[in-house]
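J.: My structure is below; once you've seen it, I'll send some questions.
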Amino acid sequence: EPEVTQTPSHQVTQMGQEVILRCVPISNHLYFYWYRQILGQKVEFLVSFYNNEISEKSEIFDDQFSVERPDGSNFTLKIRSTKLEDSAMYFCASRGEALYGYTFGSGTRLTVV
Amino acid sequence: KNEVEQSPQNLTAQEGEFITINCSYSVGISALHWLQQHPGGGIVSLFMLSSGKKKHGRLIATINIQEKHSSLHITASHPRDSAVYICAVMGKGAGSYQLTFGKGTKLSVIP
């Protein structure tokens, strides 16, 4: 079964440092998403990406965040200057043209110290 | 903005029991997902529904679009069903179809 792959599974970073979270979506999928889940809270939408540009973003996705699809296979989320409150599980997801086939990666647990 | 409510928040069941988890939402949707999250954190899609009912093994999901309500049933529950079950809805109309999530229902099945 095709998978969405996320790396690393766990990252610890100092406050103020930049981090890049990586995702490899399913190869024929067209829509890509980042979600986050702060410990004990519900999953929240960050950003969606289609046709090499952001299609929608939430209020959480401020200037500290950026996304990129640098090489046609990877999909990255960059946090420019991490804050303690950025500590969360970050999930990448992708889907094809149809609404079916929404697939999540296993997540990257980001800990900012 | 869609508000997604799940009940109950926590559920403890004896092995073999029939389990129901409920989800309601406030605004019309194009589809609803039931997801499973294990303690390690990964999310697995169980069902996507836009109408009616779906069954996969011991899991059954139903949706009533008019009532804005969905249920997830587990028959003959087993300890390996212990997980957090999350309802997530996909909006209507043009857009990227991002998901809006409920808080989840933590299920513990005791042998």
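Chains as they are written, first to last, in this note's numbering: chain A, 1 to 113; chain B, 1001 to 1111.
Every residue, glycine too, gets a C-beta built ideally from N, C-alpha and C.
Specify the secondary structure class of Glu85 of chain A as computed by DSSP and reduced to three states.
T.: Note: Glu85 of chain A maps to helix in three-state DSSP.
J.: Which stretch, first to last residue, makes up the beta strand (DSSP E) that contains Ala1083 of chain B?
T.: Ala1083 to Gly1091 is the span of the beta strand (DSSP E), which, as asked, contains Ala1083 of chain B.
J.: Could you tell me if Pro25 of chain A is buried or exposed, where buried requires 16 or more neighbouring beta carbons within 10 angstroms of its beta carbon?
T.: Flag for Pro25 of chain A reads buried.
J.: For the beta strand (DSSP E) holding Gln1036 of chain B, just list the boundary residues, first then last.
T.: Gln1036 of chain B -> beta strand (DSSP E) spans Ile1029 to Gln1037.
J.: Quick one: list the residues of chain B neighbouring Phe61 of chain A, beta-carbon separation under 9 Å, in chain order.
T.: Those do not exist, as Phe61 of chain A stays about 11 Å from chain B at its closest Cβ, beyond 9 Å.
J.: Can you name the residues of chain A whose CB is closer than 9 Å to the CB of Phe1101 of chain B?
T.: By Cβ distance, chain A contributes Tyr35, Gln37, Lys42, Val43, Glu44 and Phe45.
J.: Within this structure, are the beta carbons of Leu1011 of chain B and Thr1105 of chain B separated by less than 8 Å?
T.: Result yes, Cβ atoms of Leu1011 of chain B and Thr1105 of chain B sit closer than 8 Å.
J.: Kindly list the residues whose CB is nearer than 6 Å to the CB of Gly16 of chain A, restricted to its own chain and excluding five residues on each side of it in sequence; keep chain order.
T.: If we look at Gly16 of chain A and ignore the five residues flanking it on each side, its Cβ neighbours are Ser81.
J.: Would you call the CB atoms of Ser106 of chain A and Ser27 of chain A closer than 8 Å?
T.: No, the pair does not count as a contact, with Cβ atoms beyond the cut-off.
J.: When you measure from the CB of Ala1013 of chain B to every non-hydrogen atom of the ligand NAD, does any distance come out below 7 Å?
T.: Of the ligands one can find in the structure shown there are none, so the ligand NAD has no counterpart to examine.
J.: Tell whether a beta-carbon distance below 8 Å holds between Val61 of chain A and Val47 of chain A.
T.: In the sequence on display, residue 61 of chain A carries Phe and not Val. Yes, Cβ-Cβ distance for Phe61 of chain A and Val47 of chain A is below 8 Å.
J.: So what does DSSP say about Arg1080 of chain B, is it helix, strand or coil?
T.: Arg1080 of chain B falls in the helix class under three-state DSSP.
J.: Between which residues of its own chain and Pro1079 of chain B is the CB-CB distance below 8 Å, once the five residues before and five after are set aside?
T.: Around Pro1079 of chain B: Glu1015, Val1109, Ile1110 and Pro1111.
J.: Using 8 Å as the Cβ pair cut-off and three pairs as the minimum, do the segment 32 to 39 of chain A and the segment 87 to 101 of chain A touch?
T.: Touching, yes, given that three or more Cβ pairs across the two stretches are closer than 8 Å.
J.: Between the segment 1003 to 1031 of chain B and chain A, which residues of the former have CB atoms less than 7 Å from a CB of the latter, in chain order?
T.: Correct list: Ser1030 and Ala1031.
J.: Going by DSSP, what residue range makes up the beta strand (DSSP E) through Asn1064 of chain B?
T.: Note, Asn1064 of chain B: beta strand (DSSP E), Leu1059 to Asn1064.
J.: With Leu1020 of chain B and Ser1077 of chain B assumed to form a contact (beta carbons below 8 Å), what rounded beta-carbon distance in angstroms separates them?
T.: For clarity, residue 1020 of chain B is Thr in the given sequence; the question names Leu instead. Rounded, the Cβ-Cβ distance is 11 Å, inconsistent with contact.
J.: In this structure, what does DSSP give as the bridge partners for Met15 of chain A?
T.: Partner(s): none; Met15 of chain A has no beta bridge.
J.: So, using beta-carbon positions, are His1069 of chain B and Ser1024 of chain B closer together than 8 Å?
T.: Yes, they are a contact pair.
J.: Which residues in chain B have a C-beta closer than 8 Å to the C-beta of Met89 of chain A? List them in chain order.
T.: Neighbours of Met89 of chain A on chain B, chain order: Gly1041.
J.: Would you say Ser27 of chain A reaches chain B, if we count a Cβ-Cβ gap shorter than 8 Å as a contact?
T.: Not an interface residue.
J.: In chain order, what residues of the same chain have a beta carbon less than 6 Å from the beta carbon of Phe1018 of chain B, not counting five sequence neighbours either side?
T.: The answer, listed in chain order, is Thr1075.
J.: My output table needs one value for Thr1075 of chain B: the three-state DSSP class, helix, strand or coil.
T.: Note: Thr1075 of chain B maps to coil in three-state DSSP.
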